[in-house]
Amino acid sequence: MKVFKSTLKTEIVFDDALANKYIVRKEWNKSKKAALVIMKSAGETNEVEQDHTTMYVTNNLARLDYGSVIIMNLFPTIIGANSNESAVENLKYLQEEMTKVDDVIIAVGTGIESNKLAVSRLKMMVAILLDKKANLLELECPRGRRGFHPLYPAVKNEWNLVPYEYVEMSV
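Take any residue in the sequence shown, note its place counting from 1, add 904, and you have its number in our numbering.
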């Protein structure tokens, strides 16, 4: 008989009012690579429960031999309206957290082009990451298209990570 044991450590960082979720950190093997995944909006994941997006992110990174993930979003607000204050705080966390990972995966999806605020926030985050020489990656589907969100059907069960290609978006 073989018995496998594992501990999945989860940490969630909110603001004091619990209106903004800045970081979801999951670690299952600290001796392996770490990834920072940037998506569009903060989901329902908490310290015990996982939403589907977090589940697919964790599963796929584990299959790719990563040992931890930090999940951040363009929009950290989960209660109330998005604010400039939460955006500024989010960028501060990005600068801090990016130093703790090997790779940064941009996984905001292909639908943000029509959202001026989302495009603006992505540009700010990518500028910071490029300035700090982060290794930027993105999801590619089997047909070679790029820029997907982790729930996109063609990529959700098997990730192919490729170098991030920044495409200028104008709204």
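Every residue, glycine too, gets a C-beta built ideally from N, C-alpha and C.
| Asked | Found |
| --- | --- |
| Throw me the rounded Cβ distance for the L1026 and Y1068 pair, which I believe falls under 8 Å. | That belief does not hold up - the Cβ atoms of L1026 and Y1068 are roughly 11 Å apart, past 8 Å. |
| Taking the CB atoms as reference points, tell me whether M943 and I975 lie closer together than 8 Å. | yes |
| To which residues of the same chain is K913 closer than 6 Å at the C-beta, ignoring the five residues directly before and after it? | E931 |
| Can you tell which of V917, N1064, Y997, G947 has the C-alpha that lies nearest to the C-alpha of T957? | G947 |
| Would you mind reading off the limits of the beta strand (DSSP E) that contains I982? | From DSSP, I982 is part of no beta strand (DSSP E); its letter is neither H nor E. |
| My output table needs one value for V1066: the three-state DSSP class, helix, strand or coil. | strand |
| Residues in the same chain with beta-carbon distance under 7 Å from M1028, minus the five sequence neighbours each way, listed in chain order, please. | L995 |
| Shortest alpha-carbon distance to D1007 belongs to which of T962, L940, D919, E951? | L940 |
| Could you tell me which residues DSSP pairs with A938 in its beta bridges? | S972 |
| Under DSSP, the beta strand (DSSP E) around L1041 begins and ends at which residues? | 1040-1043 |
| Can you tell me where the alpha helix (DSSP H) holding R1047 begins and where it ends? | Premise fails: R1047 is in no alpha helix (DSSP H) and is neither H nor E. |
| Taking 8 Å as the limit between beta carbons, can you name the residues of its chain near I927, skipping five residues before and five after? | E915, I916, V917, I974, I975, M976, Y997, E1001 |
| Please classify T1014 as buried or exposed, where buried requires at least 16 neighbouring CB atoms within 10 angstroms. | exposed |
| Going by CA-CA distance only, name the one from S987, V1066, P1054, P1057 that's closest to G1048. | V1066 |
| With V928 as the anchor, note down where its beta strand (DSSP E) starts and where it stops. | 925-931 |
| Could you tell me how far apart the beta carbons of F979 and N986 are, in whole angstroms, since I believe they sit closer than 8 Å? | 6 Å |
| Does the beta-carbon of N924 have 16 or more other beta-carbons within 10 angstroms, so that it is buried, or is it exposed? | buried |
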